[in-house]
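Sequences listed follow chains R and F, in order.
Residue numbers for the first sequence follow UniProt numbering, beginning at 1 and rising by one.
Residue numbers for the second sequence follow UniProt numbering, beginning at 1 and rising by one.
Here a beta-carbon is modelled for each residue, glycine too, at the ideal position from N, C-alpha and C.
Step one of this worksheet: look at the structure below.
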Amino acid sequence: MDTFANLALGFSVAVTPFTLFLAVVGCFLGTIIGALPGLGPANGVAILIPLAFSIGLDATQALALLTSVYYGAMYGGRISSILLNIPGDEPAVMTTLDGYPMAKSGRAGDALVLSGVASFVGSFLATIGLALMAPLLARIAYLFGPAEYFALYLLAFCTLGGLAGKNQAKSAVAALIGLGVAVIGIDPNNGTTLRYTFGNLHLNDGINFLVAIVGLFALAEVFFFIESHGKDSAVGVKLGKVTIPVRDIVKSGWTMLRASVIGFVAGVLPGAGASLGSFMSYMAEKSIARDGDTFGTGNPKGVAAPEAGNNAAAGGALVPMLTLGVPGSGTTAVLLALLMTLNITPGPLLFQDRPDVVWGLIATLFIANLVLLVMNVPMVRIFVYILAVPPWVLLPGVTLISFVGVYSLSGSYFDLLMMVAFGIGGYILRKLEIPLVPVILGILLGNHMENSLRKAMVLSDGDWTYLFASPISIILWVAAILGFIAPLFLRGRLKRPPLPESADGTVD
Amino acid sequence: MTRSDRIFGLVIILVALAMIVGATGFQEPFFASGPVGPKVFPMTIAGLMIICGLSMLARPDAEPEWPGAAALGRIAAAVVVMVAYAYMLKPLGFLLPTAITAGVIAFLIRPDALRATVAGIGLSAGLYLIFKYALGLGLVPWRWPF
Numbered sequence: 001m002d003t004f005a006n007l008a009l010g011f012s013v014a015v016t017p018f019t020l021f022l023a024v025v026g027c028f029l030g031t032i033i034g035a036l037p038g039l040g041p042a043n044g045v046a047i048l049i050p051l052a053f054s055i056g057l058d059a060t061q062a063l064a065l066l067t068s069v070y071y072g073a074m075y076g077g078r079i080s081s082i083l084l085n086i087p088g089d090e091p092a093v094m095t096t097l098d099g100y101p102m103a104k105s106g107r108a109g110d111a112l113v114l115s116g117v118a119s120f121v122g123s124f125l126a127t128i129g130l131a132l133m134a135p136l137l138a139r140i141a142y143l144f145g146p147a148e149y150f151a152l153y154l155l156a157f158c159t160l161g162g163l164a165g166k167n168q169a170k171s172a173v174a175a176l177i178g179l180g181v182a183v184i185g186i187d188p189n190n191g192t193t194l195r196y197t198f199g200n201l202h203l204n205d206g207i208n209f210l211v212a213i214v215g216l217f218a219l220a221e222v223f224f225f226i227e228s229h230g231k232d233s234a235v236g237v238k239l240g241k242v243t244i245p246v247r248d249i250v251k252s253g254w255t256m257l258r259a260s261v262i263g264f265v266a267g268v269l270p271g272a273g274a275s276l277g278s279f280m281s282y283m284a285e286k287s288i289a290r291d292g293d294t295f296g297t298g299n300p301k302g303v304a305a306p307e308a309g310n311n312a313a314a315g316g317a318l319v320p321m322l323t324l325g326v327p328g329s330g331t332t333a334v335l336l337a338l339l340m341t342l343n344i345t346p347g348p349l350l351f352q353d354r355p356d357v358v359w360g361l362i363a364t365l366f367i368a369n370l371v372l373l374v375m376n377v378p379m380v381r382i383f384v385y386i387l388a389v390p391p392w393v394l395l396p397g398v399t400l401i402s403f404v405g406v407y408s409l410s411g412s413y414f415d416l417l418m419m420v421a422f423g424i425g426g427y428i429l430r431k432l433e434i435p436l437v438p439v440i441l442g443i444l445l446g447n448h449m450e451n452s453l454r455k456a457m458v459l460s461d462g463d464w465t466y467l468f469a470s471p472i473s474i475i476l477w478v479a480a481i482l483g484f485i486a487p488l489f490l491r492g493r494l495k496r497p498p499l500p501e502s503a504d505g506t507v508d
Numbered sequence: 001m002t003r004s005d006r007i008f009g010l011v012i013i014l015v016a017l018a019m020i021v022g023a024t025g026f027q028e029p030f031f032a033s034g035p036v037g038p039k040v041f042p043m044t045i046a047g048l049m050i051i052c053g054l055s056m057l058a059r060p061d062a063e064p065e066w067p068g069a070a071a072l073g074r075i076a077a078a079v080v081v082m083v084a085y086a087y088m089l090k091p092l093g094f095l096l097p098t099a100i101t102a103g104v105i106a107f108l109i110r111p112d113a114l115r116a117t118v119a120g121i122g123l124s125a126g127l128y129l130i131f132k133y134a135l136g137l138g139l140v141p142w143r144w145p146f
């Protein structure tokens with residue numbers, strides 16, 4: 001099997017002392033980032049990218065560090081869900097439903113261990129799925145020309161807006177704002193036309209997407225905390241002795257497996273992401289379990305299902321990101337930004353030209369999973385202490401790390417001012433319930449989208465019907481239109497259960 | 001009252017119109033790079049923005065809960081401090097502007113002068129050590145421009 005040879009290559013790249021060290025550091029930071037309300041996987045990875053870049057890590061090392069952070073955040077999100085009834089990040093919202101009641105009845109330790117094991121099962125299976133599926137999808141991606149890529153980008157915007165937002169017009173506006181920002185600067189196609197630079201030299205190269213991402217995600221969050229006065233959050237539950245609840249783990253074995261499959265599929269679909277993965281896994285388990293009516297009162301299966309689901313979705317979301325360059329969620333959009341910063345273009349050519357990067361990444365994910373299992377089950381108590389960091393230390397810290405990270409990229413005060421401007425913009429957009437992820441995706445993919453449109457027009461000599469000429473394009477266009485319209489009808493029928501107030505508004 | 005969405009929709013439409021006007025002035029090179037020039041994509045985006053803006057005007061969502069005057073003042077103060085930080089980071093070096101910025105933001109989140117001072121000094125010194133020695137970033141600790 002090719003896969004095994006490739007994996008062997010991956011492990012030979014990933015298993016160096018320094019890379020392993022980075023993976024361990026990444027797992028640790030990631031779990032903290034996931035656990036702290038106010039720092040989610042997307043903004044956590046976002047503020048670390050400029051730093052990883054400016055300390056001169058190479059591609060494999062930077063990816064090892066930041067994908068470990070990504071997986072770690074998926075594990076960490078559950079900790080504050082269970083102990084504080086505050087989801088540490090958006091995908092962990094469903095874990096509060098049964099996790100907190102379990103903790104209140106004196107089983108906090110059991111809930112943490114069970115959810116840690118479920119997280120491991122979910123992400124381990126998803127990483128296997130990634131290793132098997134990504135090469136297949138990469139092969140299909142060879143058939144994609146500019147017209148197909150244009151349709152694919154369109155599909156990403158339509159489904160992302162469709163499922164995540166409440167109002168289609170607002171999701172579309174979000175994507176268009178991002179695309180509009182991407183246009184700023186010298187036209188990359190002809191290299192001479194200045195677009196919307198207003199004579200400002202700083203804008204000639206366009207707006208650095210890292211500046212925009214850090215501003216929109218991290219600084220906007222700081223403004224939210226300042227507005228709410230960082231209300232010292234709910235009274236936590238004490239964590240007693242941590243033992244391994246073997247019976248609960250065995251009993252929810254099938255739950256974890258089913259949830260992993262559902263989560264993985266939800267992750268692979270463009271625009272769905274981990275939040276939907278955990279939501280769908282929870283709802284599916286609730287409907288098939290014999291004791292489904294005890295869900296919401298501290299049923300262990302209700303803890304295992306969403307955690308396996310969201311971690312599996314995190315792995316699944318890497319499939320379209322690596323093979324097509326189209327991220328399925330906010331955090332993978334941020335990881336795409338990382339790849340683009342490292343001058344790596346995701347897509348089928350990546351699998352052919354840089355197998356070391358792809359398979360090194362996958363190998364790192366396997367390693368990170370084992371590290372995370374150890375950190376999140378026997379060592380979970382450490383993170384419980386870190387949760388006690390008060391917002392008046394955490395948020396200034398986030399602000400400063402954002403500033404130093406962006407400053408170390410370019411050394412320009414102009415980028416810092418842009419970042420603050422994006423922070424204010426992100427705050428206003430979130431207030432108006434306009435989702436931020438499509439904005440990011442627009443900024444990241446805008447130039448690619450325009451390039452593929454213009455290349456397609458060169459190929460067809462200006463014939464617009466070329467955009468819908470191949471079967472693949474037609475399928476993608478139909479899926480895009482359905483993805484945008486379907487939620488209009490489904491929204492009334494799919495009612496979410498009442499959720500606690502999320503401290504973190506960035507949707508994964 | 002559903003003003004916010006309407007105002008935002010209007011802003012989007014105005015920006016889109018400005019984008020279209022701006023795009024008509026784009027200088028194309030003498031040798032065109034293909035049948036689709038640099039104007040088409042921005043103009044399409046602007047056109048779609050107008051449609052979305054109109055939709056927000058026609059069907060606005062419920063009014064969000066905007067912060068009161070006090071909270072708005074705190075956010076404005078944070079913005080002022082961040083902008084000042086952006087300008088001061090280079091001329092004054094890392095430690096002093098960072099301590100002030102961290103202290104002010106801490107104070108805005110929890111108005112307690114002692115805690116804010118501790119957070120400011122602690123974060124400034126702690127992050128300097130991490131950035132300098134653990135990450136190896138070349139930060140200038142202080143500078144006096146006068």
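| Asked | Found |
| --- | --- |
| Taking only three categories from DSSP, how would you classify G25 (chain F)? | coil |
| What residues of chain F sit near S408 (chain R), judged by a beta carbon separation below 7 Å? | L137 |
| Could one say the Cβ of V21 (chain F) lies closer than 8 Å to chain R's Cβ atoms, at least one of them? | no |
| If the cut is a Cβ gap below 7 Å, which residues of chain R does V36 (chain F) touch? | L453, R454 and M457 |
| Tell me, please, whether the CB atom of L96 (chain F) is closer than 8 Å to any CB atom in chain R? | no |
| Which whole-angstrom value is the C-beta distance of G442 (chain R) and L176 (chain R), which I expect to be below 8 Å? | 7 Å |
| T294 (chain R) to P101 (chain R), Cα distance in whole Å? | 11 Å |
| Spell out whether any CB of chain F is found under 8 Å from the CB atom of E221 (chain R). | no |
| Assess contact between the region 43 to 53 of chain R and the region 346 to 353 of chain R, defined as three or more Cβ pairs (one per stretch) separated by less than 8 Å. Is contact present? | no |
| Check the Cβ-Cβ distances between Y413 (chain R) and every residue of chain F, and say whether any is below 8 Å. | yes |
| Measuring only the C-alpha atoms, how far is G103 (chain F) from L459 (chain R)? | 58 Å |
| In whole angstroms, give me the CA-to-CA distance for T2 (chain F) and R59 (chain F). | 9 Å |
| The alpha helix (DSSP H) spanning R258 (chain R) covers which residue range? | G253 to V268 |
| Strictly below 7 Å CB to CB, what residues from chain F border G44 (chain R)? | Correct list: empty, because the minimum Cβ distance to chain F is about 16 Å. |
| Residues of the region 102 to 116 of chain F in Cβ contact with chain R at a cutoff of 9 Å, in chain order, please. | A102, G103, V104, I105, A106, F107, L108, I109, R110, P111, D112, R115 and A116 |
| Checking contacts by CB at 8 Å: is A234 (chain R) closer than that to chain F? | Interpretation of A234 (chain R) is limited by its pLDDT of 47, a score under 50 that renders its predicted location unreliable; the figure taken from the coordinates is listed afterwards. Not one chain F Cβ lies under 8 Å of A234 (chain R). |
| Consider the Cβ of W66 (chain F): report whether some Cβ of chain R lies at a distance smaller than 8 Å. | yes |
| Could you check where the alpha helix (DSSP H) with S12 (chain R) kicks off and where it finishes? | D2 to A14 |
| So, is the C-beta of I13 (chain F) closer than 8 Å to a C-beta in chain R? | no |
| Counting only C-beta atoms, is Y196 (chain R) closer than 8 Å to chain F at any point? | yes |
| G360 (chain R) bridges to which residues according to DSSP? | Answer is none; G360 (chain R) lacks a bridge partner. |
| So is D205 (chain R) in contact with chain F if we call contact Cβ pairs under 8 Å? | no |
| At least one CB of chain R closer than 8 Å to the CB of M43 (chain F): is that the case? | no |
| Check whether the Cβ atoms of M74 (chain R) and A274 (chain R) sit closer than 8 Å, and answer yes or no. | yes |
| Less than 8 Å between the C-beta atoms of V79 (chain F) and L417 (chain R), yes or no? | no |
| Helix, strand or coil for R110 (chain F)? Go by DSSP, reduced to three states. | coil |
| Among residues of its own chain, excluding the 5 on either side of G423 (chain R), which ones have a beta-carbon nearer than 6 Å to its beta-carbon? | G215, L219 and A220 |
| For G116 (chain R), I'd like the list of residues in its chain whose CB is within less than 6 Å of its CB, leaving aside the five on either flank, ordered along the chain. | N376 and V377 |
| Between the Cα of A76 (chain F) and the Cα atoms of R:L155, R:V13, R:S105 and R:E227, which residue gives the shortest distance? | R:E227 |
| Under a three-way DSSP split, which group does residue 148 (chain F) fall into? | It is not possible to answer for residue 148 (chain F), since the shown part of chain F is limited to 1 through 146. |
| Can you confirm whether A78 (chain F), when its beta carbon is compared against all beta carbons of chain R, has any partner nearer than 8 Å? | yes |
| For K132 (chain F), return the contacting residues in chain R, with the cut-off set at a CB-CB distance below 9 Å. | Neighbours of K132 (chain F) on chain R: none; closest Cβ ~11 Å, over 9 Å. |
| With a threshold of 16 other CB atoms inside 10 Å of the CB of M379 (chain R), please say whether the residue is buried or exposed. | exposed |
| Suppose the cutoff is 8 Å on Cβ atoms and the five residues either side in sequence are ignored; what does the same chain contact list for V113 (chain F) look like? | It should be pointed out that residue 113 (chain F) corresponds to Ala in this sequence rather than to Val. Excluding sequence neighbours, A113 (chain F) sits near F107. |
| Look at the alpha carbon of V15 (chain R) and the alpha carbon of G26 (chain R), and state the distance between them as a whole number of angstroms. | 15 Å |
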